[in-house]
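Okay, so here's the structure we're looking at.
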Amino acid sequence: MLQVPSETAYLAVVRDLTKKMAEAAGFDAPTALNVALAVDEAASNVIEHAYHGQPGKRFEVRIDDGTEEFRVEVVDAGDMVDPRALPRVDLERYASERRTGGLGVHLMGKIMDSVTFRRTARKNVCCLVKRKA
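Okay, so the sequence shown: first residue is 1077 according to my numbering, each after it adds one.
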């Protein structure tokens, strides 16, 4: 488990650790990089949406390298954001309007085999799972 300050300067640490752990779990470098990107998006969402950019908060990154799957949980004590309330992304329109941001949950879902959100013990848990081949 890694305790991370809620500041974007620490996202590189989250990405690097996730990538190294995914490679150690047997994923090739491009897949490990994508998994790290998905976890980075989850962590960014915590900082931006759950904590509203307030420094001085912390969140946890828990990595579990199981036999059949690689699981990462990003856990925070911030405001709950209901992912079902987020608008669906129309990628063609998004690209044609040259928009930036707002693709986090969509991107996580494309990269990972499973992305779930739950609230337990007054904490938000984003669970990202990538199955091993």
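Quick reminder that beta carbons are idealized off the backbone N, C-alpha and C, glycines included.
Here the structure is a predicted model, which means the values were calculated and not measured.
Own chain partners of residue i with C-beta closer than 6 Å, once the 5 adjacent residues on each side are dropped
| i | result |
| --- | --- |
| glutamate 1149 | Arg1138, Val1201 and Cys1203 |
| serine 1172 | With a pLDDT of 47 at serine 1172, under the threshold of 50, the predicted position of this residue should be treated as unreliable, and no value is reported. |
| serine 1120 | none |
| aspartate 1141 | Ala1101 |
Short Cβ contact (8 Å threshold) for residue i with residue j
| i | j | result |
| --- | --- | --- |
| glycine 1102 | tyrosine 1127 | no |
| methionine 1077 | glutamate 1136 | yes |
| arginine 1207 | glutamate 1144 | yes |
Residue i, DSSP secondary structure in three states
| i | result |
| --- | --- |
| lysine 1133 | coil |
| aspartate 1141 | strand |
| methionine 1077 | coil |
| arginine 1091 | helix |
| tyrosine 1170 | Bear in mind that a pLDDT of 38 at tyrosine 1170, under 50, signals an unreliable position, so the number given afterwards is only what the model happens to contain. Looking at tyrosine 1170 - three-state DSSP - the assignment turns out to be helix. |
| lysine 1186 | helix |
| lysine 1206 | strand |
Own chain, CB closer than 7 Å to residue i, minus 5 neighbours either side, in chain order
| i | result |
| --- | --- |
| threonine 1192 | Cys1203 |
Continuous beta strand (DSSP E) stretch holding residue i: start and end
| i | result |
| --- | --- |
| threonine 1192 | 1190-1196 |
Strand pairing of residue i, partner residues [DSSP]
| i | result |
| --- | --- |
| valine 1201 | Val1151 and Arg1194 |
Extent of the continuous alpha helix (DSSP H) to which residue i belongs
| i | result |
| --- | --- |
| alanine 1112 | 1105-1121 |
Beta-carbon contacts of residue i that lie in its chain and below 8 Å, excluding the five residues immediately before and after
| i | result |
| --- | --- |
| valine 1115 | Val1090, Arg1091, Thr1094, Val1137, Val1148, Val1150 and Leu1204 |
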